[in-house]
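>
In my numbering, the protein residues as written are 62 to 574.
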């Protein structure tokens, strides 16, 4: 027979039903978190101590097993992990074995085959005969989806487009990829592209790519459309110093067509077909802390292309070179610990297009509108219309053979937003000049001997007088896919014939001056 509840028991239930103070709950949760952190830290310290004490013990890796890689070739995986299993003059030490296992897992991750992170499990035993410590390695891999289909729309740089993209990973089981892309837009009327890429020698940092493209683009700034069809092949690799290299061949048939009624005589003279056959090399060193919104570090790129020289054939012949640099420096603020979010960034770009061959009249084969540099717009020299700098004829921008442009930007976080968010206010000052190739007598070079004089003379002209300059303020947002800028710009120096743009400009891209 149960007894009735006492007064003390009723008090217990009342206390249980009472809601605790949120501040008390927060303090209790904080105490639990601190206790768990202390336990984990103690366990980690103990593990580090054990590894230090046994770091020199001889160790042999007896096997490496993948727990889930059904679509990847066994021979490919064997080559990737072969450094762990190859015969050695002496066994690994424990620290060496752990380091090699970690490097192998990192190498697998760079193939873009498996979900990240790749878990590593070790099973330790001793050889009963030799007494040598042996390790069995288990890599818990999960393959990414082999087929990825994306569709969407893009808006930026005065263009809107719809696109579809098909990515096929691990085509033959050796980390190959096939990328098919199609887009239709307001300026790029149509573009169809296919690219096949495969790693060479089972090295994720050494790749071969072959591809082809067919596109039709409206060049409103020069009153024509350009149709491009052709293909390329290139090798990409990463040097031991961490610099990226790219060496390749381009073969394109280009057509200047769809001329408007207002097309200038120079554009009409370049209308029709041309074939470019070229080899190129690019070198990139990127030491920035963020590719879209750097606050420290530097970036440097050098690109060189030779077309129509020697066995390359084609009906255009030139040497084209570009240099691009960027540096970022954080600005400390007294009284603020850590990164203030305020940074100063400078950028510089320059390019040279030099004719190499002679035409049928034994005159230098001057550049065509297809190959020249264009400057001005929301992603390079802000405060000017798209391709608004350089030589013009009527309403057409003709491009140039030599250019230089630079920018200085001061970026700082928005009030009440914080420095950890990828959004900044900026104040900028930028400028540049774009010139055609002219001799010291300001004439077009007509002989091979005049080309060198024209190059030297035109480079000197870059320093004569002020470049086109603009200044402004704006808002910068660094999305993982692209950088967005909304700026108010004011042209300060506008050279004769060039087109400035006072007011708001929207820029979307991955490379900004």
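Where is the CB? At the ideal position from N, CA and C, for every residue including glycine.
Residue 333 and residue 313: beta carbons closer than 8 Å?
For the purposes of this step, residue 333 is taken as residue 272 along the chain shown, with counting starting at 1. For the purposes of this step, residue 313 is taken as residue 252 along the chain shown, with counting starting at 1. It is not a contact, given that the beta carbons lie outside the stated cut-off.
> Quickly, what does DSSP pair residue 316 with across the bridge? List them, please.
For the purposes of this step, residue 316 is taken as residue 255 along the chain shown, with counting starting at 1. According to DSSP, which records beta bridges pairwise, residue 316 is partnered with 288 and 334.
> Unbroken beta strand (DSSP E) runs of length 3 or more, entirely within the stretch 460 to 500: which are they?
Taking only runs of at least 3 residues, the beta strand (DSSP E) segments lying wholly in the stretch 460 to 500 are 463 to 474 and 484 to 496.
> Should residue 540 be labelled buried (16 or more other beta-carbon atoms within 10 Å of its own) or exposed?
Along the chain shown, one-based indexing puts residue 540 at 479. Result: exposed.
> Could you pull the DSSP bridge partners for residue 181 from this structure?
For the purposes of this step, residue 181 is identified with residue 120 of the chain shown, where counting begins at 1. In DSSP, residue 181 forms a bridge with 200.
> DSSP state of residue 573, grouped into three classes?
Indexing the chain shown from 1 puts residue 573 at position 512. Three-state result, residue 573: coil.
> If distances are taken between C-alpha atoms only, which option among 123, 532 and 170 comes closest to residue 445?
Reading the chain shown from its first residue, position 384 is the one you call residue 445. When only C-alpha atoms are compared, the closest one is 532.
> Taking C-alpha atoms, which residue in 124, 380 and 328 lies nearest to residue 198?
By 1-based counting over the chain shown, the position of residue 198 is 137. Ranking 124, 380 and 328 by Cα distance to residue 198 puts 124 first.
> If you measure from the beta carbon of residue 103 to each beta carbon in chain C, is any gap under 8 Å?
Of the protein chains in this structure there is only one, and it is not chain C.
> Pick helix, strand or coil for residue 364, following the three-state DSSP scheme.
The residue you call residue 364 lines up with position 303 of the chain shown. If DSSP states are grouped into helix, strand and coil, residue 364 belongs with the strands.
> Assess, as a yes-or-no matter, whether the stretch 235 to 245 is touched by the stretch 254 to 270 under the definition of 3 or more beta carbon pairs within less than 8 Å.
In short, these stretches touch, since the Cβ pair count reaches three.
> Is the stretch 316 to 334 close to the stretch 356 to 369, with three or more CB pairs under 8 Å?
Short answer: they don't touch.
> Where does residue 280 land, buried or exposed, given buried means 16+ other C-beta within 10 angstroms?
If you number the chain shown from 1, residue 280 lands on position 219. Buried, by the Cβ-count rule.
> What is the DSSP secondary structure of residue 414, reduced to helix, strand or coil?
Locating residue 414 in the chain shown gives position 353, where the first residue counts as 1. Here residue 414 sits in strand by DSSP.
> Using beta-carbon positions only, say whether residue 231 and residue 320 come within less than 8 Å of one another.
Counted from its first residue, the chain shown places residue 231 at position 170. Counted from its first residue, the chain shown places residue 320 at position 259. Result no, Cβ atoms of residue 231 and residue 320 do not sit closer than 8 Å.
> In three-state terms, what does DSSP make of residue 575?
Nothing can be reported for residue 575, as the shown portion of the chain is limited to 62 through 574.
> By the 10 Å Cβ neighbour count, where 16 or more other Cβ atoms means buried, how is residue 569 classified, buried or exposed?
Sequence index remark: in the chain shown, residue 569 carries index 508 (1-based). By the 10 Å Cβ count, residue 569 comes out buried.
> Could you name the residues that DSSP lists as bridge partners for residue 552?
Looking up residue 552 in the chain shown gives position 491. For residue 552, which the question treats as bridged, DSSP gives the partners 531.
> For residue 530, which of 507, 562, 543 and 502 has the nearest alpha-carbon?
Within the chain shown, residue 530 is the residue found at index 469, counting from 1. The shortest C-alpha separation from residue 530 is found at 562.
> Going along the chain, which residues of its own chain have a beta-carbon closer than 7 Å to the beta-carbon of residue 390, five neighbours each way excluded?
Taking the chain shown and counting its residues from 1, the one referred to as residue 390 is at position 329. Excluding positions up to five away in sequence, the list reads 357, 404 and 405.
> Starting from residue 630, trace the alpha helix (DSSP H) in both directions and tell me its first and last residue.
Because the chain in this structure spans residues 62 to 574, residue 630 falls outside the shown range and cannot be described.
> Could you name the residues that DSSP lists as bridge partners for residue 122?
In the chain shown, residue 122 corresponds to position 61, counting from 1. Partner(s): 196.
> CB residue 522 to CB residue 496, shorter than 8 Å?
Within the chain shown, numbered from 1, the residue matching residue 522 stands at position 461. Within the chain shown, numbered from 1, the residue matching residue 496 stands at position 435. Yes. Within cutoff.
> How close, in whole Å, do the beta carbons of residue 463 and residue 413 come, if the pair is a contact with beta carbons under 8 Å?
Counted from its first residue, the chain shown places residue 463 at position 402. Counted from its first residue, the chain shown places residue 413 at position 352. Contact holds; Cβ gap of about 5 Å.
> Among 147, 162 and 169, which has the Cα closest to the Cα of residue 137?
Counting from 1 along the chain shown, the entry for residue 137 is found at position 76. Among 147, 162 and 169, the Cα nearest to that of residue 137 belongs to 169.
> Count Cβ pairs between the stretch 413 to 426 and the stretch 540 to 552 that sit closer than 8 Å; are there 3 or more?
Judged by Cβ distances under 8 Å, the stretch 413 to 426 makes no contact with the stretch 540 to 552, as fewer than three pairs qualify.
> Candidates 103, 437 and 538: which alpha carbon is nearest residue 478's?
Counting from 1 along the chain shown, the entry for residue 478 is found at position 417. Comparing Cα positions, the closest option is 538.
> Is DSSP giving residue 509 helix, strand or coil here?
As a first step, residue 509 is located in the chain shown; it is residue number 448 there, counting from the start. In the structure shown, residue 509 sits in a helix (DSSP, three-state: H, G or I).
> Helix or strand or just coil, what does DSSP make of residue 536?
Counting from 1 along the chain shown, the entry for residue 536 is found at position 475. Residue 536: strand per DSSP, three-state reduction.
> From what residue to what residue does the beta strand (DSSP E) around residue 271 run?
If you number the chain shown from 1, residue 271 lands on position 210. Unbroken beta strand (DSSP E) run through residue 271: 264 to 280.
> From the DSSP secondary-structure annotation, give me the bridge partner or partners of residue 345.
For the purposes of this step, residue 345 is taken as the residue at position 284 of the chain shown. DSSP, once it has assigned bridges, lists 305 and 362 as partnering residue 345.
> Tell me whether residue 354 sits in a helix, a strand or coil according to DSSP, three-state version.
By 1-based counting over the chain shown, the position of residue 354 is 293. Coil.
> Does residue 340 come out as helix, strand or coil in the three-state DSSP assignment?
Residue 340 sits at position 279 when you count from the first residue of the chain shown. Strand at residue 340.
> Could you tell me whether the stretch 425 to 436 touches the stretch 260 to 272, where touching means 3 or more Cβ pairs closer than 8 Å?
With a cut-off of 8 Å, the stretch 260 to 272 and the stretch 425 to 436 do not count as touching, because too few Cβ pairs lie within range.
> Going by other Cβ atoms of all chains shown within 10 Å of its Cβ, with 16 needed for buried, is residue 88 buried or exposed?
By one-based count along the chain shown, residue 88 stands at place 27. Per the 10 Å Cβ criterion, exposed.
> With DSSP collapsed to three states, give me the class of residue 374.
Position 313 of the chain shown, counted from the first residue, corresponds to residue 374. It is coil, neither helix nor strand.
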